[in-house]
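Asks: To start, I am sharing the structure in question, which I have written as structure tokens.
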Amino acid sequence: MILCCGEALIDMLPRKTEEGEASFAPYPGGAVFNTAVALARLGVGTGLFTGLSRDLFGARLEAVLQLNGVESGLAARSDRPTTLAFVTLTDGQAEYAFYDENTAGRMLSTSDLPDDLSGIDALFFGGISLAMEPCAEAYEALCLRDPNGRLIMIDPNIRPDFIADADRYRARLARMIAVADIVKLSDEDLHWLEGAGEISDLAQGLLAKGPKLVLITEGRAGVTAHSAKGHVHVPAELVEVVDTVGAGDTFNAGFLAGLSDASCLTKSALAIGLDDAVLTAALTLGVKAAAVTVSRAGANPPMRADLS
Numbered sequence: 030m031i032l033c034c035g036e037a038l039i040d041m042l043p044r045k046t047e048e049g050e051a052s053f054a055p056y057p058g059g060a061v062f063n064t065a066v067a068l069a070r071l072g073v074g075t076g077l078f079t080g081l082s083r084d085l086f087g088a089r090l091e092a093v094l095q096l097n098g099v100e101s102g103l104a105a106r107s108d109r110p111t112t113l114a115f116v117t118l119t120d121g122q123a124e125y126a127f128y129d130e131n132t133a134g135r136m137l138s139t140s141d142l143p144d145d146l147s148g149i150d151a152l153f154f155g156g157i158s159l160a161m162e163p164c165a166e167a168y169e170a171l172c173l174r175d176p177n178g179r180l181i182m183i184d185p186n187i188r189p190d191f192i193a194d195a196d197r198y199r200a201r202l203a204r205m206i207a208v209a210d211i212v213k214l215s216d217e218d219l220h221w222l223e224g225a226g227e228i229s230d231l232a233q234g235l236l237a238k239g240p241k242l243v244l245i246t247e248g249r250a251g252v253t254a255h256s257a258k259g260h261v262h263v264p265a266e267l268v269e270v271v272d273t274v275g276a277g278d279t280f281n282a283g284f285l286a287g288l289s290d291a292s293c294l295t296k297s298a299l300a301i302g303l304d305d306a307v308l309t310a311a312l313t314l315g316v317k318a319a320a321v322t323v324s325r326a327g328a329n330p331p332m333r334a335d336l337s
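Residue numbers (the numbering used here): 30 to 337.
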């Protein structure tokens, strides 16, 4: 099973009332929540570790997890409110305003970490939870607990406007990246983290810091996997984009599902180096799954049957 570690929240998506007035409608979301749901819909055993509220929004999140077969037994429940993310769309691109003070997700602490991770093959970390304290400290502690054990993938999904202390955040990511096997970044994330330069050079620089595989997504240009063996590129699929909410999260799920399909969801497989055929298949599954998601409103990842 893959344990996804990070935020579960409510996306308040822009809609129109019957009278044509602008409004917002609540949809379960959050980068890591979306990845967990997408993985489960692709037929991969999946769990979610996060801070869940007992409020009405938290109940809605739990209902979606249960409906999709995502195990939530390790989640930390509390009476704090659920994080809300108000989304605005410009040419299909999503921008977010987060309401996250004293929420169930943000106030997750190291005391909430699960003691027993038996049955967990891989850990996935990401999203705004890596930028906000105290939950960021808890996720870092879980990531660093057993660096030589389970496969670790990280997608920080960097949102600069949401980062209060950039130096502290960069230092945390550096420690987590050093023990990660796979790091996925958009091209914008890569430049924010590593500065100006050619993408291939920056990716190689990241590889030198610890991970065995660095995935760089470039929107319509597709995705490239960089490793010590070289690089593999898969172009994006051309679809009519409704919005990009959940696109990267679904790609992550598709890629991990592809590794699971190939029985390569282990640290040893990454240490040896994946064959180009395995990488291509996993990247392609991620791209196909993300293409379905962007063709739908909101984060609505596909079932495996939708990709055939």
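We put the beta carbon where it would ideally sit given N, CA and C, even for glycine.
Excluding the five sequence neighbours on either side, which residues of its own chain have a C-beta within less than 6 Å of the C-beta of Gln95, listed in chain order?
Replies: Mapped onto the sequence shown, residue 95 falls at position 66. Same-chain partners within the cutoff: there are none.
Asks: Taking the alpha carbon of Thr253 as the point to measure from, which residue in Ala291, Thr117 and Thr313 has its own alpha carbon closest?
Replies: By one-based count along the sequence shown, residue 253 stands at place 224. Nearest option by C-alpha distance: Thr313.
Asks: Could you name the residues of the same chain whose beta carbon sits closer than 8 Å to that of Thr46, not counting the 5 residues immediately before and after it, in chain order?
Replies: Residue mapping note: residue 46 aligns to position 17 of the sequence shown, counting from 1. Closer than 8 Å at the Cβ level, and outside the excluded window around Thr46, lie Ser52.
Asks: How would you call Ala237, buried or exposed, if buried means at least 16 neighbouring beta carbons within 10 angstroms?
Replies: Stepping through the sequence shown from its first residue, residue 237 is reached at position 208. Under this definition Ala237 is an exposed residue.
Asks: Strictly by DSSP, which residues pair up with Ser52?
Replies: Reading the sequence shown from its first residue, position 23 is the one you call residue 52. Answer by DSSP bridge pairing, in chain order: Arg44.
Asks: Going straight from the alpha carbon of Val66 to that of Asp305, what length do you get?
Replies: For the purposes of this step, residue 66 is taken as residue 37 along the sequence shown, with counting starting at 1. For the purposes of this step, residue 305 is taken as residue 276 along the sequence shown, with counting starting at 1. If you take the alpha carbons of Val66 and Asp305, they lie about 27 Å apart.
Asks: Roughly how many angstroms lie between the CA atoms of Ser140 and Asp84, to the nearest whole one?
Replies: The residue labelled residue 140 in the question sits at position 111 within the sequence shown. The residue labelled residue 84 in the question sits at position 55 within the sequence shown. Roughly 22 Å separates the two Cα atoms.
Asks: Can you give me the Cβ contacts of Ala145 inside the same chain, cut-off strictly under 8 Å, excluding the 5 residues immediately before and after it?
Replies: For this step, residue 145 is matched to residue 116 along the sequence shown. The sequence shown places Asp at residue 145, rather than the Ala named in the question. Nothing listed; no residue qualifies.
Asks: Would Arg44 be called buried (16 or more neighbouring beta carbons within 10 Å of its own) or exposed?
Replies: As a position in the sequence shown, residue 44 is number 15, starting the count at 1. Exposed.
Asks: Quick one: using the 10 Å Cβ neighbour count with 16 as the cut-off for buried, is Gly102 buried or exposed?
Replies: As a working mapping, residue 102 is identified with position 73 in the sequence shown. Counting every other CB atom within 10 Å of its CB across the protein chains shown gives Gly102 a total below 16, marking it as exposed.
Asks: Taking 8 Å as the threshold, find out whether the segment 182-191 comes into contact with the segment 203-214 through three or more Cβ pairs.
Replies: yes
Asks: Assuming Ile149 and Arg179 are in contact, meaning their beta carbons sit under 8 Å apart, how far apart are those beta carbons, in whole angstroms?
Replies: The count along the sequence shown starts at 1 and reaches residue 149 at position 120. The count along the sequence shown starts at 1 and reaches residue 179 at position 150. Indeed they touch by this definition, with Cβ atoms about 6 Å apart.
Asks: Expressed to the nearest angstrom, what Euclidean distance is found between the alpha-carbon atoms of Glu50 and Arg325?
Replies: As a working note, residue 50 is residue 21 in the sequence shown. As a working note, residue 325 is residue 296 in the sequence shown. Distance between Glu50 and Arg325, taken at the CA atoms: about 22 Å.
Asks: Check the C-beta distance from Trp221 over to Ile187 and give it rounded, since I have them as a contact under 8 Å.
Replies: Against the sequence shown, residue 221 aligns to sequence position 192. Against the sequence shown, residue 187 aligns to sequence position 158. So it is a contact: roughly 5 Å between Cβ atoms.
Asks: In the structure shown, what three-state DSSP assignment does Met182 receive?
Replies: As a working note, residue 182 is residue 153 in the sequence shown. Strand, per DSSP.
Asks: Looking at the strands, I want to know which residues DSSP matches up with Cys172.
Replies: Reading the sequence shown from its first residue, position 143 is the one you call residue 172. In DSSP, Cys172 forms no bridge with anything.
Asks: For Leu142, I'd like the list of residues in its chain whose CB is within less than 7 Å of its CB, leaving aside the five on either flank, ordered along the chain.
Replies: As a first step, residue 142 must be located in the sequence shown, where it is residue number 113. Within the same chain, Leu142 has close Cβ partners Ala167, Ala170 and Leu171.
Asks: Run through the DSSP bridge pairs and tell me what Phe127 is partnered with.
Replies: Position 98 of the sequence shown, counted from the first residue, corresponds to residue 127. For Phe127, which the question treats as bridged, DSSP gives the partners Ala114.
Asks: Please state whether the Cβ-Cβ distance between Asn97 and Asp278 is less than 7 Å.
Replies: Walking along the sequence shown from the start, residue 97 turns up at place 68. Walking along the sequence shown from the start, residue 278 turns up at place 249. No, these two residues do not count as a Cβ contact at 7 Å.
Asks: In the DSSP assignment, find the unbroken beta strand (DSSP E) run with Thr273 in it and report its ends.
Replies: What you label residue 273 is simply residue 244 of the sequence shown in a count that begins at 1. Looking at the DSSP string, Thr273 is not in any beta strand (DSSP E), and its letter there is neither H nor E.
Asks: What three-state label does DSSP hand Leu312 in the structure shown?
Replies: Sequence index remark: in the sequence shown, residue 312 carries index 283 (1-based). If DSSP states are grouped into helix, strand and coil, Leu312 belongs with the helices.
Asks: With Met30 and Gly74 assumed to form a contact (beta carbons below 8 Å), what rounded beta-carbon distance in angstroms separates them?
Replies: Counting from 1 along the sequence shown, the entry for residue 30 is found at position 1. Counting from 1 along the sequence shown, the entry for residue 74 is found at position 45. Sure, about 4 Å apart at Cβ, within 8 Å.
Asks: Look at the Cβ atom of Ala320, then the Cβ atom of Val263, and state whether they are nearer than 7 Å.
Replies: Locating residue 320 in the sequence shown gives position 291, where the first residue counts as 1. Locating residue 263 in the sequence shown gives position 234, where the first residue counts as 1. Cβ distance not < 7 Å, so Ala320 and Val263 don't count as in contact.
Asks: Sorted by chain position, which residues of the same chain lie with C-beta nearer than 7 Å to Pro189's C-beta, five sequence neighbours on each side aside?
Replies: By one-based count along the sequence shown, residue 189 stands at place 160. Here the set comprises Trp221.
Asks: When you compare the CB positions of Ala165 and Gly80, do they come within less than 7 Å of one another, or not?
Replies: Walking along the sequence shown from the start, residue 165 turns up at place 136. Walking along the sequence shown from the start, residue 80 turns up at place 51. No, these two residues do not count as a Cβ contact at 7 Å.
Asks: To the nearest angstrom, report how far apart Thr112 and Asp129 are at their CA atoms.
Replies: Looking up residue 112 in the sequence shown gives position 83. Looking up residue 129 in the sequence shown gives position 100. Roughly 5 Å separates the two Cα atoms.
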